[in-house]
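Participant: Have a look at this one before I ask anything.
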Ligand SMILES: [Zn+2]
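In the numbering used here, the protein residues as written are 126 to 518.
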């Protein structure tokens, strides 16, 4: 079935003006300013009414199985349901394991990633987790990336954190080389997605690894770079070296030594650092703990995919231009993950689109040509949320 979206102010991320899109087979078949060029007999026509149409968000760091587990077994976070992604405009995710890669493993992560695919979401995952040696499916990081379809890299491997394995430089280098070579063989991302903790060592191990080896900087992909202001400055320098660095969109209190995601992105762009080497992820489903000096949890919150549209809204409220901030949520993420047909409104790409209303809120979400949210109403729910929704009605 063909569908035509008319009168959309398209940000591809760049501003293409008012365009019309023809969609079929889950893909964008054409984008044109000439409505005649996209017209098709028997097509379903949806008038976007001049509203802004953007690529769906690609969330490169999500605990799809639920993360947590750092304050006893009852603190294991449950799996994240489909609609918490789609209602937030997230059309693709990359699942990760974190601190708890013991009661959770790559098998469970693969299963949940495939479940989200069956429900219509774009979904991939990393092998491994916080620790060394990394938890894997096949016994080898390289084989997991090469042979397992959804696996595109390794992470989140923890550095400078009391929950890490305290990996050495050489351990990091061996894992990074496996990721790099597997990426070459498979055409996948081939990155080490690095969790950065609050430790004073910051990105020191990554700098050492780059100085000592022939590995390209793109292999090292640190996240949570805005959790400390000094770490953010280190990450800026690393972006100049060639790494893509990732901001986490978690809540930040006024007295935290951290930058909120919107502030961090603006600081990054204002610094003049390469605009294609910055991304934003949600840490959805992960627990956001506060520890005391003994490494015990004093507070815990759960990351939400909804933090991404909230960050975009804050950026626009601060006067940022949509086409300047959008790449961090879309194109840049697709680039570092080597998802070549996502993250951009372009002929041939997967039809993952989001429509923003006049309040900068999300009103429509299409994934691979299927409407998941239409006129602000959720159209599709995940397997078990459908049951709980029906029970509530
Ligand atoms: Zn993390």
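Built from N, CA and C at the ideal position, the CB exists for glycine as well.
So does residue 482 have its beta carbon nearer than 8 Å to some heavy atom of ligand 1?
Facilitator: No, the Cβ of residue 482 stays beyond 8 Å of every heavy atom of ligand 1.
Participant: What's the gap between the Cα of residue 333 and the Cα of residue 296?
Facilitator: Near 12 Å, if we compare the C-alpha coordinates of residue 296 and residue 333.
Participant: Hey, would you say the C-beta of residue 411 is under 8 Å away from at least one heavy atom of ligand 1?
Facilitator: Because some heavy atom of ligand 1 lies under 8 Å away, the Cβ of residue 411 counts as near it: yes.
Participant: Rounding to the nearest angstrom, what Cα-Cα distance links residue 193 and residue 504 in this structure?
Facilitator: Roughly 30 Å separates the two Cα atoms.
Participant: Enumerate in chain order the residues of its own chain whose CB-to-CB distance from residue 382 is below 7 Å, with the five nearest sequence positions on each side excluded.
Facilitator: Correct list, in chain order: 353, 354.
Participant: Taking only runs that begin and end inside the region 248-302, name each unbroken alpha helix (DSSP H) of 4 or more residues, in chain order.
Facilitator: Whole alpha helix (DSSP H) segments, 4+ residues: 266-272.
Participant: In the DSSP assignment, what are the bridge partners of residue 145?
Facilitator: Residue 145 is bridged to 157.
Participant: Bridge partners for residue 346 per DSSP, in chain order?
Facilitator: Answer by DSSP bridge pairing, in chain order: 318.
Participant: Closer than 7 Å by C-beta to residue 387: which residues in its own chain qualify, once you throw out the five before and the five after it? Chain order, please.
Facilitator: Once the five neighbours on either side are set aside, the close Cβ partners of residue 387 are 436, 439, 440, 443.
Participant: Can you give me the C-alpha to C-alpha distance between residue 261 and residue 501, rounded to a whole angstrom?
Facilitator: Looking at the two C-alpha atoms, the distance is approximately 40 Å.
Participant: Where DSSP assigns a beta bridge to residue 503, which residues make up the other side?
Facilitator: In the DSSP output, where bridge partners are listed per residue, residue 503 has 498.
Participant: Taking the beta strand (DSSP E) that residue 217 belongs to, which residues open and close that run?
Facilitator: Start and end: 215-220.
Participant: Name the two residues that bound the continuous beta strand (DSSP E) containing residue 430.
Facilitator: Per DSSP, residue 430 belongs to no beta strand (DSSP E) and is neither H nor E.
Participant: Which same chain residues, not among the five before or five after residue 224, have their C-beta less than 6 Å away from its C-beta?
Facilitator: Once the five neighbours on either side are set aside, the close Cβ partners of residue 224 are 195, 255, 288.
Participant: Less than 9 Å separating the beta-carbons of residue 266 and residue 303?
Facilitator: A contact, by the Cβ cut-off of 9 Å.
Participant: Just the residues with CB closer than 6 Å to a heavy atom of ligand 1, in chain order, which are they?
Facilitator: The answer, residue by residue, is 223, 281, 320, 349.
Participant: Just to check my reading of the structure: residue 245 and residue 492 have Cβ atoms closer than 8 Å, yes? What is that Cβ distance to the nearest angstrom?
Facilitator: At roughly 5 Å, the Cβ-Cβ gap stays under 8 Å, so residue 245 and residue 492 are in contact.
Participant: Do residue 127 and residue 148 count as a contact pair if the criterion is CB distance below 9 Å?
Facilitator: Yes; because the gap between Cβ atoms is below 9 Å, this pair is in contact.
Participant: DSSP puts residue 179 in a beta bridge; with which residues?
Facilitator: According to DSSP, which records beta bridges pairwise, residue 179 is partnered with 479.
Participant: Exposed or buried, which one is residue 185 when buried takes at least 16 other CB atoms within 10 Å?
Facilitator: So residue 185 ends up on the buried side.
Participant: Helix or strand or just coil, what does DSSP make of residue 126?
Facilitator: Here residue 126 sits in coil by DSSP.
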